[in-house]
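Trainee: Here it is, the structure, as structure tokens.
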Amino acid sequence: MRSRAFGFWAVALAFTATLAFTTVPTPLWSLFAERDRFSSFVVTVVFAAYAVGVVVSLFLAGHVSDWFGRRRVLVPALLLNLLAAVVFLLWPEVPGLLVARILSGLGIGAVTATATAWLVELHADRQRGEIVAGAANLGGLGAGALVSGVLAQWVGHPMTVPFLVFIGVLAIALLLVLSAPETRPPAHPRPAYRPQRVSVPAESRGRFFAAATAAAITFALFGLLTSLAPSFLSGTLHHGSRALAGATSFAVFAAAAVAQVLAGARDPRTLLARGVPAMLVGLGLLTVAVWLPQSSLAVFIAGVLVIGVGGGLMFKGAIGTVAALAGPDNRAEALAGVFLAAYLGLAGPVIGLGLLTQILTARLSLLVFAGLLAIGLALATPRLLGRRDNTHETGGTDADHKTPDHAARRHRARDHDYRPRGVGDRRRRMGIRVGIPGRR
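To convert, take the position in the sequence shown, counting from 1, and add 8; that gives my numbering.
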């Protein structure tokens with residue numbers, strides 16, 4: 009048990025450190041742009057290169073830890089991110105930035121699904137494992153931007169020191185993971201390789217795709233705040249501090265992580281129902297902030313925090329839904345599927361916003377982006393929160409949720425594959441028990 013506890017926190021630290029490394033460049037993009045004189049569109053292309061790497065990795069390797077074991081996949085993924093940090097140091101021009109971001113994305117695609125599945129398996133309480141996995145994911149994304157921004161603001165060599173620091177952190181995380189106990193031994197015989205596919209029970213795929221939609225919309229907004237938010241701060245809002253840029257990215261992910269922890273073990277549908285309006289309110293605040301006669305930093309930060317809370321709840325609801333649907337033999341594969349949807353949502357809208365900034369002002373671009381995301385969220389909400397009729401998939405209709413007795417029957421039906429029978433069946437069973445003549 010002590011070994012599993014050590015392994016749990018070792019994997020959590022490695023998960024956090026690796027995700028933190030991916031946001032190290034966030035407050036530095038404007039420095040790269042000023043030095044090499046490239047536009048905000050180039051920033052979005054470099055940012056999207058990371059998302060493309062993640063998508064490719066999730067599609068090709070996000071699920072293979074179910075066959076090879078968790079450690080055998082997580083260790084190479086950590087090494088890829090170490091290599092990406094070295095490329096950032098030695099080749100800081102645009103081609104090198106693209107290569108480094110693709111390498112980092114390839115590693116992250118394997119890390120997200122594998123580390124999440126490993127944490128769930130290492131902890132005796134699956135829900136607590138999910139909470140820590142979500143906090144490590146989002147908390148890491150926020151911590152990397154904050155540390156990088158602080159170092160860039162107050163330490164010399166801002167485009168070098170942050171990467172040196174994270175090379176050391178990732179090396180420590182790698183050593184810890186090598187000592188963590190394996191929970192998924194290699195499969196024998198090993199299945200024939202195939203790319204990622206959605207692997208959940210057929211009757212539950214509606215819930216899976218609803219969760220994937222929530223993850224995609226959440227990451228589209230997170231992508232906005234980690235790619236172009238520093239440009240909005242320095243340009244439209246006239247605040248050029250690198251520490252402020254890093255703190256803003258930290259704020260959205262910290263708010264998301266705190267919201268997830270405070271939500272505890274609430275039902276995924278409840279989390280999604282609370283996350284949707286928060287996301288809409290946050291989008292509205294961001295738009296208002298850049299359209300005020302005197303652009304308001306306070307309103308912008310408020311929007312960032314509200315989006316963080318809403319995104320944290322939506323993402324936790326999505327992960328909780330998928331983890332509950334998947335069995336131990338395909339848990340990493342199912343989680344890889346929802347992360348695949350999330351990173352597809354991260355890449356596409358951010359590239360679109362980058363293109364808009366080339367033909368429209370920053371204010372108009374953000375207005376169009378926010379409007380499209382709000383429409384997409386409104387269209388997806390009925391599917392996310394609508395009535396679900398399949399009893400086996402949901403454990404009952406809405407009426408079943410009214411009393412504790414109904415809930416208990418619902419859980420018994422789920423846990424023991426119980427099928428509710430008709431009145432005639434119950435009478436026949438009663439006839440057998442009391443021996444009524446003529447009853448069979």
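By construction, the Cβ of each residue, glycine as well, lies at the ideal position given by its N, Cα and C atoms.
1. Would you check if the stretch 81 to 98 and the stretch 133 to 148 touch, i.e. whether three or more CB-CB distances between them fall below 8 Å?
2. Contact between the stretch 329 to 337 and the stretch 246 to 254 is defined here as three or more beta-carbon pairs at a separation below 8 Å; is this criterion met?
3. Would you tell me roughly how many angstroms separate the C-alpha atoms of V314 and V260, rounded to the nearest one?
4. Taking only runs that begin and end inside the stretch 134 to 202, name each unbroken alpha helix (DSSP H) of 4 or more residues, in chain order.
5. Could you tell me whether the stretch 185 to 192 touches the stretch 68 to 78, using the rule of 3 or more Cβ pairs below 8 Å?
6. Taking only three categories from DSSP, how would you classify N338?
7. Buried or exposed: which applies to Q366, given that a residue is buried once 16 or more other Cβ atoms fall within 10 Å of its Cβ?
8. Determine the direct distance from the alpha carbon of R43 to that of V269, and round the result to whole angstroms.
9. Following the continuous alpha helix (DSSP H) through F46, name the residue where it begins and the one where it ends.
10. Tell me whether W162 is buried or exposed, calling it buried when 16 or more other Cβ atoms sit within 10 Å of its Cβ.
11. Hey, would you say A181 sits closer than 7 Å to L21, going by beta carbons?
12. Quick check on the burial criterion: 16 or more other C-beta atoms within 10 angstroms. Buried or exposed for L183?
13. Rounded to a whole number of angstroms, what is the C-alpha to C-alpha distance between V346 and A220?
14. Assign T278 to buried or exposed, taking buried as 16 or more other Cβ atoms, counted over all protein chains shown, within 10 Å of its Cβ.
15. Check whether the stretch 109 to 120 and the stretch 285 to 298 are in contact - that is, three or more C-beta pairs closer than 8 Å.
16. Output yes or no for whether 7 Å exceeds the beta carbon distance between A41 and L146.
17. Under a three-way DSSP split, which group does G31 fall into?
18. Tell whether a beta-carbon distance below 7 Å holds between L280 and G214.
19. Output the distance between the C-alpha atoms of H131 and G150, rounded to the nearest integer angstrom.
20. The ligand GDP and I139: does the residue's C-beta get closer than 6 Å to at least one heavy atom of that ligand?
21. Could you tell me the distance, in whole angstroms, from the CA atom of G117 to the CA atom of V64?
22. Are L178 and A18 touching if we call contact CB-CB under 7 Å?
23. Between which residues of its own chain and A262 is the CB-CB distance below 6 Å, once the five residues before and five after are set aside?
24. Determine, using beta carbons only, whether A28 and G152 come nearer to each other than 7 Å.
25. Quick check: the Cα distance between M287 and V358, rounded to an integer number of angstroms?
26. On a CA-only basis, which of A253, G320, I309 is nearest G272? Give me that one, please.
27. Measuring alpha carbon to alpha carbon, tell me which residue in L368, A310, L105, L361 is nearest A57.
28. For the alpha helix (DSSP H) holding E129, just list the boundary residues, first then last.
29. Can you give me the C-alpha to C-alpha distance between G493 and V51, rounded to a whole angstrom?
30. Considering just the uninterrupted stretch of the alpha helix (DSSP H) at G320, what are its terminal residues?
31. Does DSSP put A22 in a helix, in a strand, or in coil?
32. What's the gap between the Cα of F16 and the Cα of Q135?
33. Among E341, A378, F216, L380, whose alpha-carbon lies nearest the alpha-carbon of A69?
34. Which value, in whole angstroms, describes the spacing of the CA atoms of T31 and P84?
35. Distance check for F96 and W37, CA to CA, integer angstroms please.
36. Considering only C-alpha positions, which residue in the set A218, L39, V185 is nearest to P390?
Mentor: The answer reads as follows:
1. no
2. no
3. 8 Å
4. 134 to 162, 169 to 186
5. yes
6. coil
7. exposed
8. 40 Å
9. Taken as a continuous stretch (DSSP letters only), F46 belongs to no alpha helix (DSSP H), as it is neither H nor E.
10. exposed
11. yes
12. exposed
13. 5 Å
14. exposed
15. no
16. no
17. The question names Gly, but residue 31 in the sequence shown is Thr. Residue state, collapsed to three classes: coil.
18. no
19. 24 Å
20. Among the components of this structure there are no ligands whatsoever, and the ligand GDP is therefore not found.
21. 8 Å
22. no
23. G150
24. yes
25. 17 Å
26. G320
27. L105
28. 102 to 130
29. Missing from the structure shown is residue 493; the chain here goes from 9 to 448 and no further.
30. 305 to 333
31. helix
32. 14 Å
33. E341
34. 20 Å
35. 12 Å
36. A218
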